[in-house]
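Counting along the first sequence from 1, when you hit position 80 you're at 79 in numbering that gives the first Met the number 0, and nothing is skipped either side. Don't be surprised by glycine CBs; every beta carbon is placed ideally from N, CA and C. What follows is a set of notes on a single structure, which appears directly below.
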Amino acid sequence: MRIGYPCINLGLPCRPSRTFRLASLSEERLFSTVDGNLQCLEEIVRWNARHGLLFLRITSDLVPLASRPENTFPWDEEFASRFAAIGQLTESLGMRISMHPGQYTLLNSPRSEVVEAARADLRYHARVLDLLGLDATAKIQIHGGGGYGDKKAASERFAGAIDALDPAVRRRLVVENDERLYSFSDVVELYRRTGLPVVFDAFHHALNGDRHSLPEALAVQYETWGPEDGLPIVDYSSPLPDGRRGSHAHALDKEDFLRFLEESRPHDFDLMLEVKDKEQSALQALDLARADPRLRNRGRA
DNA sequence: GGAAGTCAAGTCTCG
DNA sequence: CGAGACTTGACTTCC
Numbered sequence: 000m001r002i003g004y005p006c007i008n009l010g011l012p013c014r015p016s017r018t019f020r021l022a023s024l025s026e027e028r029l030f031s032t033v034d035g036n037l038q039c040l041e042e043i044v045r046w047n048a049r050h051g052l053l054f055l056r057i058t059s060d061l062v063p064l065a066s067r068p069e070n071t072f073p074w075d076e077e078f079a080s081r082f083a084a085i086g087q088l089t090e091s092l093g094m095r096i097s098m099h100p101g102q103y104t105l106l107n108s109p110r111s112e113v114v115e116a117a118r119a120d121l122r123y124h125a126r127v128l129d130l131l132g133l134d135a136t137a138k139i140q141i142h143g144g145g146g147y148g149d150k151k152a153a154s155e156r157f158a159g160a161i162d163a164l165d166p167a168v169r170r171r172l173v174v175e176n177d178e179r180l181y182s183f184s185d186v187v188e189l190y191r192r193t194g195l196p197v198v199f200d201a202f203h204h205a206l207n208g209d210r211h212s213l214p215e216a217l218a219v220q221y222e223t224w225g226p227e228d229g230l231p232i233v234d235y236s237s238p239l240p241d242g243r244r245g246s247h248a249h250a251l252d253k254e255d256f257l258r259f260l261e262e263s264r265p266h267d268f269d270l271m272l273e274v275k276d277k278e279q280s281a282l283q284a285l286d287l288a289r290a291d292p293r294l295r296n297r298g299r300a
């Protein structure tokens with residue numbers, strides 16, 4: 000088990016997700032922004048490694064507006080050696096990398112321009128991971144998408160869109176249960192149609208659950224990950240104290256997290272903590288899990 | 001310099 | 001059918 004947090008480190012003075020408005024797009028602006036974002040990403044990688052956090056989700060804003068047609072700057076060529084160096088650094092540290100496109104990246108839309116934009120966005124994400132030189136264990140996690148009033152047809156479109164993807168994108172994709180539409184059972188069904196491994200989000204499962212208990216879900220999830228995919232990925236976030244639906248808690252709920260560790264015990268996975276205070280919760284989680292033998296296992300699934 | 005408003009994305013609900 | 005909600009972090013504008 001490796002533990003991590005998404006995208007930004009709130010304690011560091013830099014951000015790897017600086018961006019700008021479409022109206023401000025220029026080659027100069029893009030160059031200087033990506034330059035700064037990569038610099039910050041490297042700082043985060045080093046900080047995380049020093050603190051034992053070996054699972055990192057890279058922000059989708061690393062290259063702002065990357066998949067917009069207006070953006071014609073060859074950032075991938077321009078920064079190829081910078082990406083390669085950071086990728087070598089993460090490899091040498093034993094760090095795992097993932098990415099998670101936004102909620103507006105939808106492969107199953109009935110609108111072809113939406114699907115084409117999603118495809119371009121996924122190509123961008125895969126390009127980043129390719130430039131880092133990472134193998135297929137570096138995943139891109141997506142959701143099932145919209146329902147469009149006919150979930151069955153929407154799921155069919157999802158499967159068709161997956162089948163049509165470039166293998167360089169396809170091999171990195173994993174599908175995560177959401178809090179509203181595609182439950183854990185639904186994404187397992189998508190796995191059966193597409194072969195995409197399943198990311199289990201414990202928080203979404205609590206909000207949009209089905210018959211699976213936590214250990215049951217983890218056992219089913221485990222079967223969806225192949226030898227090339229690495230350890231399964233699990234997302235965890237604490238429930239909000241006031242019980243408000245959906246959004247992520249501000250800080251780690253220690254009791255809930257310890258219960259989660261206990262109940263998930265038979266299964267090993269890499270754990271992404273989606274909590275608003277980012278690295279603080281990840282450090283607490285690492286501390287709470289320090290006696291857990293899974294932390295010493297970095298092996299294959 | 002800080003507060004308020006805007007953006008980027010697409011779906012979905014509500015009137 | 002069209003306006004607004006939803007989400008998130010950061011930009012941008014305004015005083």
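- With a contact defined as Cβ atoms closer than 8 Å, V168 and V197 miss out at about 18 Å.
- Counted as a single uninterrupted DSSP element, the alpha helix (DSSP H) harbouring K150 occupies residues 150 to 162.
- For the pair R20 and H211, the Cα-to-Cα distance works out to about 43 Å.
- By the 16-neighbour rule on beta-carbons within 10 angstroms, P73 is exposed.
- Spatial neighbours of S97 in its own chain (CB-CB distance under 6 Å, excluding positions within 5 residues in sequence) are listed in chain order as R56, K138.
- Secondary structure in the region 67 to 100: the alpha helix (DSSP H) runs of 4 residues or longer, each lying completely within the stretch, are 74 to 77, 79 to 92 in chain order.
- Taking a cut-off of 8 Å for Cβ pairs, the region 268 to 283 and the region 26 to 41 do not touch, as fewer than three such pairs fall below it.
- If the five residues before and after D255 are omitted, its C-beta is found closer than 6 Å to the C-beta atoms of S237, all from its own chain and listed in chain order.
- If you draw a straight line from the Cα of Q87 to the Cα of L131, it is about 7 Å long.
- Only residues of its own chain outside the window of five on either side were considered, and among them L251 have a CB closer than 6 Å to the CB of Q283, listed in chain order.
- Per DSSP, the continuous beta strand (DSSP E) segment holding I141 begins and ends at 138 to 142.
- Note that the C-beta distance between D200 and N176 is below 7 Å.
- Non-local beta-carbon contacts of A65 in its own chain, meaning distances under 6 Å to residues more than five positions away in sequence, involve Y123 in chain order.
- Contact annotation: R1 and R95 have beta-carbon atoms nearer than 7 Å.
- Non-local beta-carbon contacts of A119 in its own chain, meaning distances under 7 Å to residues more than five positions away in sequence, involve S66 in chain order.
- In terms of Cβ geometry, N207 and S182 form a close pair [threshold 7 Å].
- With respect to P214, Y221 sits apart: the two C-beta atoms are not nearer than 7 Å.
- Under the 10 Å beta carbon count, P15 is surrounded by 16 or more other beta carbons and is classified as buried.
- Shortest Cα-Cα distance from G3 to any of V219, R49, D34, R170 involves R49.
- DSSP links P5 through a beta bridge to R56.
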